[in-house]
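One structure is given here, and the rest of the page talks about it.
There are 2 protein chains.
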Amino acid sequence: MVDKIYGIGVGPGDTDLLTLKAVNVIQNADTIFVPISKEGKASVAYDIIKTIIPENKKVVELLFPMSKDVEFLQKHWNNAAEKVMEENGTVAVVTIGDATLYSTFSYVWHIFNENNIDVEIINGISSPFAAAGVLNIPLVEGDEKLAILPQGKDLEKYLEEFDTLIVMKTNDLEEKLKNLKDKKDNYLVGVVNRVTSKNQKTALGKIDEIDFEPFKDYLSLAIIKKLK
Amino acid sequence: MVDKIYGIGVGPGDTDLLTLKAVNVIQNADTIFVPISKEGKASVAYDIIKTIIPENKKVVELLFPMSKDVEFLQKHWNNAAEKVMEENGTVAVVTIGDATLYSTFSYVWHIFNENNIDVEIINGISSPFAAAGVLNIPLVEGDEKLAILPQGKDLEKYLEEFDTLIVMKTNDLEEKLKNLKDKKDNYLVGVVNRVTSKNQKTALGKIDEIDFEPFKDYLSLAIIKKLK
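Chain order of the listed sequences is F and U.
To convert, note that position 146 of the first sequence is 146 in UniProt numbering; the numbers rise steadily by one, no gaps.
To convert, note that position 104 of the second sequence is 104 in UniProt numbering; the numbers rise steadily by one, no gaps.
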């Protein structure tokens, strides 16, 4: 039976964005669990930490498939949680970005809490912050309001009301922004794919200046700022 | 004249939440600038990094006073920016939390950009994420929406519309939440002061279960989740 589970955010891509605490806990855990979305597919989180893992450390994959079938997902989340809880000693479960924001870790976190397991979160750098850094623009200042909308849910409404919007997953963002018609020039848009990784792509400009094609990959996000 | 300016988020309080990159840049910078809010007052950011600063490193204070007088503030921000830009070599300007979210760094960042100075942001752990970690609750999952409201601006409206709200500065949050009357039990509230520091205080519960008194200090924030 597991003693303690660390839910560790490993940041968006660059190994140097790991915190001192994350490195320390990963290096001292008895077992490290890394998420994969498909059998045989590489783990993005594992790629971020592989250079800091000591030799002979036990690393186990956890399958978190992508699906809209809630029952199917719940079955896999239960399986993943069981696998972690059956392990001995202290374990590190890693997740890209931060464990508290749209993370794979949250799917098993609930199950650990229901089982009264000792869980400690080690925060990581979240991709919207890394994106703002790379684009060299602040997210919010002073008394500005910020909203984070997965898949740009209710985008048009909140574009009016908020100073800054973050859109997680930008597959259909272009289409949504085109609906703004004559209001399109009121916004500055930054889009980033796989921020701080070797394959990072970025674009920054008015809506009509941006080629959205490279940002239809699922590890993309947008920062939309109302111009003043 | 300065060669390069690093805007470095040093996280919310615990030195171990610095990233590897932040430690490396701080230790190798020619000069480290630390913000203070008043002459003679300790710098929270400096307290976070002091144990990792090499001996004999040049550390300079930058005064960012608190005021509602925009002209007075602008004068101090200009002075602070001048002081940094006049320095030789590479400099680190540190800020608590992350440099992109309501940071003191953003006040001088604009001035550096206007002067075409080479700026690089090194992200830090932002306090809302650390707070969620410490409270052992996810901020958002799946397709949930999140808003960050400084001083709880438009709180009542967005409590209805968002799954999770983060309120930065909670001085008058209690009063605002009391206005919810019979809807008060629809929410779970977590409040945290000086998260991850030695003086951290936390509370988690329904609105009527929380004593808001200890959270009227300016380094407090709240996470409000709609119960389902």
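All residues carry an ideal CB built from backbone N, CA and C; glycine is no exception.
Cross-strand partners of residue i (DSSP beta bridge)
i: U:Leu221; result: U:Met168, U:Val192
i: U:Phe33; result: U:Val60, U:Val93
i: F:Thr19; result: U:Thr19
i: F:Pro150; result: F:Met168
i: U:Gly9; result: U:Thr95
i: U:Tyr187; result: U:Lys226
i: F:Val140; result: U:Leu101
Collapsed DSSP secondary structure at residue i in the structure displayed
i: F:Ile125; result: coil
i: F:Asp98; result: coil
i: U:Gly205; result: strand
i: F:Val119; result: strand
i: F:Ile210; result: coil
i: U:Asp3; result: strand
i: F:Ile48; result: helix
i: F:Gln200; result: coil
i: U:His42; result: Per the sequence presented here, residue 42 of chain U reads as Ala, with His not at that position. Coil, per DSSP.
i: U:Ser106; result: helix
i: F:Glu85; result: The residue you asked about is not Glu; residue 85 of chain F is Met in the sequence shown. F:Met85 falls in the helix class under three-state DSSP.
i: U:Lys181; result: helix
i: F:Phe112; result: helix
i: F:Glu55; result: coil
i: U:Lys145; result: coil
i: U:Lys75; result: helix
i: U:Phe215; result: helix
i: F:Lys68; result: coil
Residue i burial status per 10 Å Cβ neighbour count (16 or more: buried)
i: U:Glu39; result: exposed
i: F:Asn133; result: Checking the displayed sequence, the identity of residue 133 of chain F turns out to be Gly instead of Asn. Looking at its Cβ environment, which holds 16 or more other Cβ atoms inside 10 Å, F:Gly133 is buried.
i: F:Tyr218; result: exposed
i: F:Val10; result: buried
i: F:Thr19; result: buried
i: U:Pro128; result: buried
i: F:Asp14; result: buried
i: F:Leu135; result: buried
i: F:Glu87; result: buried
i: U:Asn193; result: buried
i: F:Pro35; result: buried
i: U:Lys21; result: buried
i: F:Gly205; result: exposed
i: F:Leu227; result: exposed
i: U:Lys183; result: exposed
Open item on the list: Under 8 Å, with one C-beta from each stretch per pair, do the stretch 85-103 of chain U and the stretch 198-212 of chain F reach the 3-pair mark?
Closed with: no
Open item on the list: When you compare the stretch 104-119 of chain U with the stretch 67-81 of chain F, are there three or more beta-carbon pairs, one atom per stretch, that lie closer than 8 Å?
Closed with: no
Task: Three or more C-beta pairs below 8 Å linking the stretch 144-152 of chain F and the stretch 138-150 of chain U - done: yes
TODO: Could you tell me whether the stretch 154-169 of chain U touches the stretch 164-184 of chain F, using the rule of 3 or more Cβ pairs below 8 Å?
DONE: no
Task: Near-chain U residues of the stretch 132-153 of chain F - C-beta to any C-beta below 8 Å - done: Ala132, Gly133, Val134, Asn136, Ile137, Pro138, Leu139, Val140, Glu141, Gly142, Asp143, Glu144, Lys145, Leu146, Ala147, Ile148, Leu149, Pro150, Gln151, Lys153
Open item on the list: Under 9 Å, CB to CB, which of the residues in the stretch 93-110 of chain U have a partner in chain F?
Closed with: Asp98, Ala99, Thr100, Leu101, Tyr102, Ser103, Phe105, Ser106, Tyr107, Trp109, His110
Open item on the list: With a threshold of 8 Å, are at least 3 pairs of Cβ atoms found where one atom belongs to the stretch 113-130 of chain U and the other to the stretch 53-60 of chain U?
Closed with: no
Open item on the list: To be precise: take each residue of the stretch 11-29 of chain U, compare its Cβ to all Cβ atoms of chain F, and keep it if any distance is under 8 Å. Which residues remain?
Closed with: Gly11, Asp14, Thr15, Asp16, Leu17, Leu18, Thr19, Leu20, Lys21, Val23, Asn24
TODO: May I ask you to verify whether the stretch 154-163 of chain U touches the stretch 29-43 of chain U, counting CB pairs closer than 8 Å and requiring at least 3?
DONE: no
Open item on the list: Please identify, using Cβ separations under 9 Å, the residues of the stretch 112-125 of chain U that lie next to chain F, in order along the chain.
Closed with: Asn113, Val119, Glu120, Ile121, Ile122, Asn123, Gly124, Ile125
Open item on the list: Short of 7 Å Cβ to Cβ, which residues in the stretch 40-71 of chain U face chain F?
Closed with: none
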